[in-house]
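Counted the way the numbering used here counts, the sequence shown spans residues 9 to 476. Backbone N, C-alpha and C define an ideal beta-carbon position, used for all residues, glycine too. Remember, it's a predicted structure, so these values are computed and weren't measured experimentally. Below: the structure, in structure tokens.
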Amino acid sequence: MKRSILVVDDEKNLRDYLSVFLSDRGHTVASAASGDEALDRLAAGYTPSLVLLDLMMPGKDGLEVLRSIKETHPSIPIIILSGIGQIRTVVEAMKIGAADYLTKPFEEEALELAIDNVLEKQKLRDEVKTLRRQLAYVEQGDMLTSNPQVGRIIDIARHVSATDVPVLILGESGVGKEVLANFIHEQSNRSDGPFVKVNCAALPHELLESELFGYEKGAFTGAIRDKVGKFELADKGTLLLDEIAEMNPHLQAKLLHVIQDSEFSRLGGKRPIKVNVRVLAATNRNLQEAVLKGDFRKDLYFRLNVIKVEIPPLRDRREDIPLLCSHFVEKHRARYQSAVELLPKELLEAFMRYDWPGNVRQLENIIKRYLILPEMDILSELRAGASDPPPAAPAPSNVSLKEVSGRAAEMAEKEVVLRMLEQTGWNRKESARRLHISYKALRNKLKKWQMTRDAHTPEQVRTLVKSA
9 MKRSILVVDD EKNLRDYLSV FLSDRGHTVA SAASGDEALD RLAAGYTPSL
59 VLLDLMMPGK DGLEVLRSIK ETHPSIPIII LSGIGQIRTV VEAMKIGAAD
109 YLTKPFEEEA LELAIDNVLE KQKLRDEVKT LRRQLAYVEQ GDMLTSNPQV
159 GRIIDIARHV SATDVPVLIL GESGVGKEVL ANFIHEQSNR SDGPFVKVNC
209 AALPHELLES ELFGYEKGAF TGAIRDKVGK FELADKGTLL LDEIAEMNPH
259 LQAKLLHVIQ DSEFSRLGGK RPIKVNVRVL AATNRNLQEA VLKGDFRKDL
309 YFRLNVIKVE IPPLRDRRED IPLLCSHFVE KHRARYQSAV ELLPKELLEA
359 FMRYDWPGNV RQLENIIKRY LILPEMDILS ELRAGASDPP PAAPAPSNVS
409 LKEVSGRAAE MAEKEVVLRM LEQTGWNRKE SARRLHISYK ALRNKLKKWQ
459 MTRDAHTPEQ VRTLVKSA
């Protein structure tokens, strides 16, 4: 296997020997006399297939150079060249990410074997990555589409995945913002790293800060041990900040600092932590409007808005409904051991007429329910829609008028809450604000009523109310 190899060693005799030895075996060889020279070559665009790196050098030592290369070029494999008695340093190098090591003086056969093994492993990794990208290209997960607008969005996502620029993903709740973010990650050079998601609307601001940035032991009452934040967990990968419009100004400032400087401190910590994270942001709100109102920092908006894509709602791309239905049936039928292979014609026609306030997520959930319970009258639910008034419920003979009034009031309250949740794309904080109640009060009501995003059709709500 013939590849390009960078030799980094301060000993000229060894550099010259390795250059001749490796060239004779068909490899293309470049050399650097110091760590700084090697890093400059990489920064200038040279990307070798493999690096042979000496541990003991003047100036930047091998460990420093190793760390720097792994931060900027994590996919380049590195073989460490160590002296006798450097076992602890070698162990540290392997922890940092070295692929293998050789102890000087080494046999030519040992060098050849180490290079062949490392390059073979790298070839397998590249093949796996290529297969994953090809699979994503063919199917694109739940982004399957025949709509030209969504097709252009997928093309844009594929192109920007090769970069590390932030992407701002807009669209109503349920259109597939997280799916698109995951697609960008899987297509990128970071696909071997973690994909971490944080919903900024799901946690109070104080908890969101510790969730993102972590904290040190003793940072506050109850902090009995260190906690690693999402930014650290996403190192060398991608972090999706969902519902970013719900982030308060204090956290917006900290986020801007991380994006600009690639470092932050944990709560209660004094040591800055360097991270290598690509940030993707998603929201169902108008961020430009939030900037004008002063709710969102203009400088952060411009940082996030390098590339902006807006996924259209399902009602504006109805031609995708049959494709998505077939995809979701195939995706879930084995898991639910369902005998359903095709949706009935009348059900598919009803799907085509329905406006899908919950978009693709709602469609997928309804198909899951149909696969589990095909006898359910989903058509009636769709015909009823969200605008029909609740049916009058006869009062049992042993219930007082006061109790009947209480139940009727609760039913009406649940209908109002449900409709507000649907209007805001199930953004609970925004719904609470519009309903003029606290976020905690709304959360308690939803818990009491067992009302979730996955089960929020009007018919289900009425059933829950009647049984309360």
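Where residue i sits in the DSSP three-state scheme
i, result
"Y223", "strand"
"R96", "helix"
"E318", "strand"
"V175", "strand"
"L63", "coil"
"Q142", "Legend: pLDDT at Q142 = 47, less than 50; position of this residue unreliable, value from coordinates given subsequently. Reduced to three states, the DSSP call for Q142 is helix."
"L350", "coil"
"K437", "helix"
"T432", "coil"
"A290", "strand"
"A400", "For A400, the predicted model reports a pLDDT of 36, less than 50, meaning its position is unreliable; a value from the coordinates is still stated below. Here A400 sits in coil by DSSP."
Residue i versus residue j: straight-line alpha-carbon distance, rounded
i, j, result
"L332", "G230", "46 Å"
"H444", "K456", "19 Å"
"V348", "I375", "10 Å"
"P257", "A298", "12 Å"
"I95", "D44", "24 Å"
"S83", "V126", "12 Å"
"T51", "L89", "In the sequence as displayed, the identity of residue 51 is Ala instead of Thr. Between A51 and L89, the C-alpha separation is close to 22 Å."
"L387", "P280", "57 Å"
"D163", "G179", "17 Å"
"R11", "V287", "33 Å"
"E251", "K437", "11 Å"
"T432", "A290", "15 Å"
"E217", "V204", "15 Å"
"S413", "D324", "Because S413 carries a pLDDT of 42, less than 50, the predicted location of this residue cannot be relied on, and the following value inherits that uncertainty. If I take the Cα positions, the gap works out to 41 Å."
"E100", "T246", "26 Å"
"S334", "H167", "28 Å"
"I86", "K131", "14 Å"
"D108", "L74", "12 Å"
"S270", "N284", "6 Å"
"Q458", "V425", "13 Å"
"W364", "Y223", "41 Å"
"F336", "S27", "56 Å"
"A416", "L300", "Confidence at A416 is low in this model, with a pLDDT of 49, below 50, so its placement is unreliable and the value that follows should be read with caution. Each residue's alpha carbon lies about 42 Å from the other."
"S312", "P320", "Looking at the sequence provided, one finds Leu at residue 312 rather than Ser. Approximately 20 Å, taken between the alpha carbons."
"N207", "R451", "16 Å"
"K339", "R369", "14 Å"
"A41", "E117", "24 Å"
"A242", "E354", "45 Å"
Strand pairing of residue i, partner residues [DSSP]
i, result
"D250", "N207"
"E271", "K282"
"Y109", "I88"
"T36", "S12"
"L121", "Partner(s): none; L121 has no beta bridge."
"K235", "Y223"
"T493", "Only positions 9 to 476 of the chain appear in this structure, which leaves residue 493 out of reach."
"T153", "Paired residues: none, contrary to the question."
Opening and closing residue of the alpha helix (DSSP H) in which residue i lies
i, result
"S31", "20-32"
"I162", "156-168"
"A358", "353-361"
"V187", "185-195"
"P330", "328-340"
"L50", "43-51"
"W457", "447-457"
"E297", "295-301"
"N373", "367-380"
"S57", "Premise fails: S57 is in no alpha helix (DSSP H) and is neither H nor E."
"T80", "70-80"
"F310", "306-312"
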